[in-house]
Structure formats: C-alpha cells, structure tokens
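Below is one structure, written out as structure tokens; comments come after it.
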Amino acid sequence: MGFLLSTQAVNDFLRTLSQTHRVVAPVRFEGGGAFTGTDCVRYAEITDITQVVFDEKSRFSFKELLLPPSQTLFYFTEDSITEPVPEAKPTVIFLRSCDLHAVKRLDEIYCGGGKPDYYYEQRRAGVKFVLMGCKEAFDSCFCVDMGTNVSDNYDLSIEPDGDGWRLDCKDANWEAPLRALGGTEADVVPAHVTETKTRVSIPENLDFSVAKSKMWDEYDKRCIACGRCNFSCPTCTCFTMQDLFYQDNPKTGERRRVLASCMVDGFADMAGGATYRKKYGERMRYKVLHKVYDFKKRSGFHMCVGCGRCDDVCPEYISFSHIVNRLGDAMKEVSENAE
Amino acid sequence: MPNNDYIPVRSTIQEIIRHTPHEWTFRMTYDDALSVKPSQFFEISLPKYGESPISVSGIAPGLLDFTIRKIGHVTNELFNYTEGESLYIRGPYGNGFDLEQYKGKELVIVAGGTGVSPVRGVIEYFADHMEETRGVHVIAGFRDVNEILFRADFAKWRKVMDVTMTLDTGEPTEEYGIGLVTKYIPDLKVEDPANAEAIVAGPPVMIKFAAKALAETGFPETHMWVDESRKMCCGLGKCGHCRVNDTYICKDGPVFNYATVKQLSD
Numbered sequence: 001m002g003f004l005l006s007t008q009a010v011n012d013f014l015r016t017l018s019q020t021h022r023v024v025a026p027v028r029f030e031g032g033g034a035f036t037g038t039d040c041v042r043y044a045e046i047t048d049i050t051q052v053v054f055d056e057k058s059r060f061s062f063k064e065l066l067l068p069p070s071q072t073l074f075y076f077t078e079d080s081i082t083e084p085v086p087e088a089k090p091t092v093i094f095l096r097s098c099d100l101h102a103v104k105r106l107d108e109i110y111c112g113g114g115k116p117d118y119y120y121e122q123r124r125a126g127v128k129f130v131l132m133g134c135k136e137a138f139d140s141c142f143c144v145d146m147g148t149n150v151s152d153n154y155d156l157s158i159e160p161d162g163d164g165w166r167l168d169c170k171d172a173n174w175e176a177p178l179r180a181l182g183g184t185e186a187d188v189v190p191a192h193v194t195e196t197k198t199r200v201s202i203p204e205n206l207d208f209s210v211a212k213s214k215m216w217d218e219y220d221k222r223c224i225a226c227g228r229c230n231f232s233c234p235t236c237t238c239f240t241m242q243d244l245f246y247q248d249n250p251k252t253g254e255r256r257r258v259l260a261s262c263m264v265d266g267f268a269d270m271a272g273g274a275t276y277r278k279k280y281g282e283r284m285r286y287k288v289l290h291k292v293y294d295f296k297k298r299s300g301f302h303m304c305v306g307c308g309r310c311d312d313v314c315p316e317y318i319s320f321s322h323i324v325n326r327l328g329d330a331m332k333e334v335s336e337n338a339e
Numbered sequence: 340m341p342n343n344d345y346i347p348v349r350s351t352i353q354e355i356i357r358h359t360p361h362e363w364t365f366r367m368t369y370d371d372a373l374s375v376k377p378s379q380f381f382e383i384s385l386p387k388y389g390e391s392p393i394s395v396s397g398i399a400p401g402l403l404d405f406t407i408r409k410i411g412h413v414t415n416e417l418f419n420y421t422e423g424e425s426l427y428i429r430g431p432y433g434n435g436f437d438l439e440q441y442k443g444k445e446l447v448i449v450a451g452g453t454g455v456s457p458v459r460g461v462i463e464y465f466a467d468h469m470e471e472t473r474g475v476h477v478i479a480g481f482r483d484v485n486e487i488l489f490r491a492d493f494a495k496w497r498k499v500m501d502v503t504m505t506l507d508t509g510e511p512t513e514e515y516g517i518g519l520v521t522k523y524i525p526d527l528k529v530e531d532p533a534n535a536e537a538i539v540a541g542p543p544v545m546i547k548f549a550a551k552a553l554a555e556t557g558f559p560e561t562h563m564w565v566d567e568s569r570k571m572c573c574g575l576g577k578c579g580h581c582r583v584n585d586t587y588i589c590k591d592g593p594v595f596n597y598a599t600v601k602q603l604s605d
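Same order as they appear, the protein sequences are chains A and B. This note's numbering puts the first residue of the first sequence at 1, with every later residue one more than the last. This note's numbering puts the first residue of the second sequence at 340, with every later residue one more than the last.
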C-alpha cells in the first residue's frame with residue numbers, strides 16, 4: 001500500500017513508532033568527520049524524518065545495529081557468569097537497497113548452515129527495515145553490477161518527494177496507522193538506480209590461482225593496513241574476543257566481542273608467533289577474494305553488495321572496485337605464466 | 340543458559356601431568372567426555388585473560404586431557420593453576436578424527452612435538468583395540484630429549500604397535516633415534532600402502548614434507564589426514580579468523596583430507 005504524506009504526518013508516524021521501537025537512520029554529525037570542518041553521516045536514533053540524510057551515503061553502515069563494534073557477551077565475577085539484559089525495544093532501521101541486501105549476507109554468516117548465533121539472533125529478532133529509495137547513484141556505488149540495486153523485502157519504503165514523502169508499506173501492522181494520517185493513497189514503487197558511474201565485472205573464470213598474480217604486490221606498499229575498508233563494509237563481520245576487568249575490582253569484568261579486521265596486524269596471529277599473510281598485498285587478496293569469490297563458493301551469492309564505502313573511506317585512495325576490475329587481466333597473466 | 344554457545348562451563352583440574360617445564364597435560368572433568376572425538380577442540384576460558392583453542396589429547400569417562408604449551412597470554416596464566424582448582428571451557432568444536440575411517444586397515448601416524456596431542460586419542464584407542472586394526476605405525480618427533488611428551492604412553496604403546504621416536508638433536512638411545520620424522524617414512528613396513536591410511540599432525544612444514552615422503556612410499560593423498568590449526572576466536576565459524584579460502588578450519592576441520600587441504604592457501 002503506497003502513501004503520499006506530509007513531513008508532519010511522517011513525524012507523527014515516527015512518534016507512534018518510537019513508543020515500541022528504536023528508530024535509527026543515517027544522520028549528519030556536524031564537524032564529526034575525519035578532517036577539520038567535515039561532517040560524518042552515520043547511524044543514530046531519530047525523532048524527525050528531516051534528520052535522515054538522503055543526499056549523502058552514510059560513512060558507516062547499519063551493521064553496527066546488529067553487530068555492535070563492541071558487544072558484551074557476559075559479565076563475570078569470581079564464581080558467576082551473567083548475560084547482559086537484551087535491548088527491550090526492537091529496532092527499525094532506515095537503509096538503502098545495497099544495505100538491505102547486506103542483511104541477507106549477515107543472516108547467512110550468523111544464522112545460515114547450522115545453529116544461529118545467540119547474540120546476533122537476539123538483536124535481529126523483530127527488526128524492521130525501512131528502505132530509503134535511491135534516485136541516483138553516488139560516484140563510488142556499483143550496486144547494479146552486484147545485483148543489489150532493487151529490494152522488495154522491506155517493511156516500509158520512503159523517499160522525499162517535493163515537500164512531502166512517498167512511502168510504500170508492506171507491513172500489515174503499519175498500514176492502518178499510516179492510513180489514519182490523512183495522506184493520499186497511491187501506487188508507490190521505491191526509487192532505485194538502474195545505472196552507476198562505477199562499473200565492475202567479475203571474471204567468469206576467476207579462481208584462486210589469481211593469488212599468484214603480481215597485481216597484489218602493488219598493495220604491499222600502497223595499503224597501510226588501517227582496516228577502514230573492513231569497518232565501513234556492511235558485510236565485514238569478523239570479531240575478536242576481548243576480556244576486560246574493572247580497575248576497582250579486578251576480579252570482576254566482562255567478555256566482549258569486538259569487530260576485527262583481516263587487513264590489520266594480528267588478525268591471523270597464533271600463540272607462539274606463527275602468523276599468516278604478513279604482506280598487506282596478501283591481506284588485500286584475502287579480503288577481495290572473499291567478497292567476490294570465496295563467499296559465493298560457500299553460500300551461492302557474492303558477499304560484496306557494491307555500496308562503495310570501502311572506496312570512499314580508504315586514506316590511500318585504493319579502490320576496491322578497481323581491484324575487482326583488474327582480476328580479469330590478473331587471470332590472464334596467471335594462466336599465461338602457467339603455460 | 341541453554342542455546343548460548345559463548346557461555347563456558349566450569350571444569351575442575353583433576354590432575355596435571357608435567358611433561359616438560361612448559362608443556363603440561365591438564366586432566367579436566369567433563370560430563371559428556373565420551374562423546375568427544377580425538378582432535379576436537381575446546382576453548383579454554385579464563386575470564387579476565389581470554390580464551391585459547393586447545394585440542395583434546397585424551398578421552399576417558401568424565402575426563403578430558405588438554406596438553407598445553409605455555410606460550411601466550413591465556414596459557415601463561417593457566418600454568419599458575421593447580422590440581423583441584425577450576426576454570427571454564429566451552430566446546431567441543433570441529434570434526435575430530437573419525438575412528439571408523441581407520442578401522443580394519445593399516446594406519447601410519449606421523450606427529451611432531453605438540454602435534455602428538457590431537458592424535459594421542461587415536462593411538463590410545465587402537466592400543467586398546469589392536470584387533471580392530473591391521474597394524475599401527477607411529478613416528479613421533481621431538482626437538483630434544485627435554486621436549487619429549489607422553490613418555491610413559493610411548494613405552495606402553497611400544498609393546499603393542501610399531502613405535503618410532505626421534506629427536507632433532509642429541510645422541511641416539513634404545514628409546515629414540517636422531518633425525519627428522521621424514522627420515523623414517525621410507526623404512527615403514529606397511530604391507531599395502533595403497534589401501535592404508537595416514538594421519539599427519541605437527542608444524543606446517545613437517546606436514547608438507549611428511550605428506551610428500553608418504554606419497555613417495557605409495558600412499559594416495561586421499562588417504563592422508565592432517566590436523567590443521569589457526570587462530571580461532573569462536574570455534575563456531577563466525578569470527579572469521581581461521582578462514583582459508585571458502586573453508587573454516589574450526590568448523591570444516593581441523594581434520595582435513597590432505598588432497599583437499601593442499602588446495603587451500605592462506
């Protein structure tokens with residue numbers, strides 16, 4: 001069911017919603033960017049639809065709402081272990097089509113093929129998704145080539161339309177309250193992009209032999225292993241366990257899981273000093289192939305959703321989409337060398 | 340607290356066997372011990388210090404052995420523990436060795452250093468059930484005389500199966516020879532290598548050369564089984580640290596067929 005609503009009406013709906021849900025969306029943090037005088041668009045709770053940033057991509061994705069960068073698994077004392085009390089309200093997440101496709105990846109990683117992850121499932125239960133329509137792609141987006149530009153598994157879609165808003169509701173429980181707002185009912189199809197400036201093509205014949213290509217050596221020096229690409233990626237989900245104890249009573253503390261990065265030192269370190277992928281180029285290959293090769297082999301679809309955030313945040317201006325586009329030549333190089 | 344895999348359970352240290360100053364076997368209480376397979380692993384959990392993935396080196400009713408080297412943050416702390424104290428564990432994780440795979444066949448086991456731990460359960464089983472095998476050959480290598488693990492076990496195993504011990508350095512005795520494990524592989528008296536099975540566990544370099552030597556004596560790669568190890572934070576295939584290509588060592592392994600695992604590359 002589609003609606004055309006005024007800002008006032010949408011805000012009334014948000015107010016009702018916030019009584020039962022935590023409503024989060026990409027919001028502008030003025031002066032919160034990495035450099036002086038720059039802003040940061042990232043996720044926060046909203047009370048007003050005009051807070052939601054539509055004309056800019058969020059620097060960090062929605063994933064932190066399902067997988068907090070630092071999440072307490074349990075508290076311990078000398079002789080007891082206590083689980084934290086879960087969030088009381090389920091979350092309503094505003095996100096774009098690429099990110100909604102990323103949810104499918106997170107579900108696959110944390111709940112697919114076996115027992116669901118306890119803490120992920122706890123946060124995932126009851127979550128509603130509000131699709132933010134994209135009228136045009138941002139420079140680094142390549143959702144069309146990754147097949148993530150269209151989504152229909154949203155609960156509600158929303159996009160600005162002149163002074164008002166266009167919404168499409170798929171959640172039966174929300175239809176009546178939306179209708180009661182006194183807007184116009186209409187057929188609404190969420191805006192989506194059909195072409196992007198950045199294009200990628202993943203070679204059909206891609207296989208692990210591409211690791212032998214010289215292209216990876218280039219990233220030994222260019223990459224500084226900061227991990228920004230992983231932390232901004234909506235489908236990077238690795239974590240590390242972290243125990244901490246309280247200064248005032250060292251016998252009590254908590255165990256957390258914190259976001260990890262396969263680009264950062266220590267990711268593959270084992271006790272005693274053994275490690276894998278010392279070179280940054282090797283780490284780049286490990287990450288890139290997971291996104292466009294290894295994950296698909298296991299799960300049947302690519303991990304990368306083409307949001308382009310990794311390209312936006314890299315301090316060395318390394319472009320992931322460019323690396324993907326180099327894989328074809330790299331395969332050629334490797335097969336020629338093998339002959 | 341059911342369903343939550345991350346909550347560890349309490350386990351009491353019943354006995355500590357001190358093989359060397361820095362390699363001890365902790366014999367721990369665990370109710371369902373007999374359901375655990377050799378080379379499956381547990382996260383040994385010391386709140387405030389963290390967790391370490393440690394493979395099971397022995398299985399008995401109500402008891403599991405963990406042979407641990409004092410080498411990192413968690414294990415350094417663990418070596419301050421004594422008999423009667425308790426700590427936390429969670430598991431078992433991984434596939435472990437499937438004993439059925441080796442029954443009724445000749446079996447060669449090549450292990451180096453702490454690599455003996457994950458295969459000890461296999462050796463123990465067949466030492467007690469020699470009628471279920473057509474012969475077991477064990478080659479175990481250690482750095483020097485001070486690094487030998489499970490010395491009493493080897494003496495016991497030697498009585499029922501073909502056991503070769505070797506040290507990297509030192510003077511040979513009746514108990515052990517000198518040289519790398521690969522030196523002894525060509526001399527193995529395996530009747531029918533094409534139908535025998537082999538297990539290799541130890542440092543990556545040792546695995547590589549032992550597999551090569553076994554292949555030269557006629558072992559098909561599909562009959563070789565190796566025990567892999569990586570950093571594993573969760574044991575559940577979620578944390579990502581142990582992923583190699585499309586494989587999670589913790590969940591799909593740690594025991595792999597050599598023909599499969601040699602395709603993997605970190």
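Virtual Cβ for every residue (Gly too), placed ideally from N, Cα, C.
Residue closest to residue i, alpha-carbon to alpha-carbon, out of the options
| i | options | result |
| --- | --- | --- |
| residue 239 (chain A) | A:224, A:212 and A:268 | A:268 |
| residue 127 (chain A) | A:325, A:276, A:241 and A:21 | A:21 |
| residue 581 (chain B) | B:433, B:457 and B:413 | B:433 |
| residue 32 (chain A) | A:11, A:58, A:19 and A:15 | A:58 |
| residue 346 (chain B) | B:372, B:544, B:383 and B:551 | B:383 |
| residue 312 (chain A) | A:326, A:7, A:41 and A:30 | A:41 |
| residue 583 (chain B) | A:156, A:225, A:64 and A:290 | A:290 |
| residue 66 (chain A) | A:280, A:194, A:335 and A:125 | A:125 |
| residue 402 (chain B) | B:365, B:379 and B:529 | B:365 |
| residue 140 (chain A) | A:98, A:210 and A:82 | A:98 |
| residue 381 (chain B) | B:348, B:492 and B:363 | B:348 |
| residue 409 (chain B) | B:358, B:502, B:512 and B:467 | B:358 |
Beta-carbon proximity check, residue i vs residue j, cutoff 8 Å
| i | j | result |
| --- | --- | --- |
| residue 399 (chain B) | residue 541 (chain B) | no |
| residue 447 (chain B) | residue 535 (chain B) | yes |
| residue 452 (chain B) | residue 397 (chain B) | no |
| residue 342 (chain A) | residue 189 (chain A) | Not covered by the structure: residue 342 (chain A). The range shown for chain A is 1 to 339. |
| residue 191 (chain A) | residue 133 (chain A) | yes |
| residue 391 (chain B) | residue 414 (chain B) | yes |
| residue 255 (chain A) | residue 243 (chain A) | yes |
| residue 120 (chain A) | residue 111 (chain A) | yes |
| residue 174 (chain A) | residue 187 (chain A) | no |
| residue 297 (chain A) | residue 591 (chain B) | no |
| residue 251 (chain A) | residue 78 (chain A) | yes |
| residue 545 (chain B) | residue 499 (chain B) | no |
Cβ distance (whole Å) where residue i is taken to contact residue j below 8 Å
| i | j | result |
| --- | --- | --- |
| residue 56 (chain A) | residue 24 (chain A) | 17 Å between Cβ atoms; not a contact. |
| residue 374 (chain B) | residue 406 (chain B) | Not really, about 20 Å apart at Cβ, beyond 8 Å. |
| residue 109 (chain A) | residue 62 (chain A) | Not confirmed; about 15 Å, so no contact. |
| residue 520 (chain B) | residue 505 (chain B) | 6 Å |
| residue 314 (chain A) | residue 283 (chain A) | Not quite, the Cβ-Cβ distance comes to about 13 Å (not below 8 Å), so this is no contact. |
| residue 270 (chain A) | residue 568 (chain B) | 7 Å |
| residue 574 (chain B) | residue 435 (chain B) | 13 Å between Cβ atoms; not a contact. |
| residue 524 (chain B) | residue 552 (chain B) | 4 Å |
| residue 7 (chain A) | residue 50 (chain A) | 6 Å |
| residue 473 (chain B) | residue 495 (chain B) | Going by Cβ atoms, the distance from residue 473 (chain B) to residue 495 (chain B) rounds to 21 Å, so no, they are not a contact pair. |
| residue 331 (chain A) | residue 206 (chain A) | 6 Å |
| residue 563 (chain B) | residue 550 (chain B) | 6 Å |
| residue 299 (chain B) | residue 253 (chain A) | Nothing can be reported for residue 299 (chain B), as the shown portion of chain B is limited to 340 through 605. |
Simplified DSSP assignment, three categories, for residue i
| i | result |
| --- | --- |
| residue 416 (chain B) | helix |
| residue 105 (chain A) | helix |
| residue 361 (chain B) | coil |
| residue 468 (chain B) | coil |
| residue 480 (chain B) | strand |
| residue 450 (chain B) | strand |
| residue 119 (chain A) | helix |
| residue 580 (chain B) | coil |
| residue 435 (chain B) | coil |
| residue 205 (chain A) | coil |
| residue 379 (chain B) | coil |
| residue 293 (chain A) | helix |
| residue 245 (chain A) | strand |
| residue 569 (chain B) | coil |
| residue 340 (chain B) | Below a pLDDT of 50, predicted positions are generally treated as unreliable, and residue 340 (chain B), at 41, falls in that range; the measurement from the model is reported next regardless. The answer is coil: DSSP assigns residue 340 (chain B) none of H, G, I, E or B. |
| residue 422 (chain B) | coil |
Cβ-heavy atom distance, residue i to the ligand SAM, below 7 Å
| i | result |
| --- | --- |
| residue 159 (chain A) | Annotation note on the ligand SAM: not contained in the displayed structure, which lists no ligands. |
Does the contact criterion of 3 or more C-beta pairs under 8 Å hold for the stretch 97-113 of chain A versus the stretch 164-180 of chain A? Contact between the stretch 97-113 of chain A and the stretch 164-180 of chain A is absent, because fewer than three Cβ pairs lie under 8 Å.
Counting pairs of Cβ atoms below 8 Å between the stretch 410-426 of chain B and the stretch 545-561 of chain B, do you hit three or more? no
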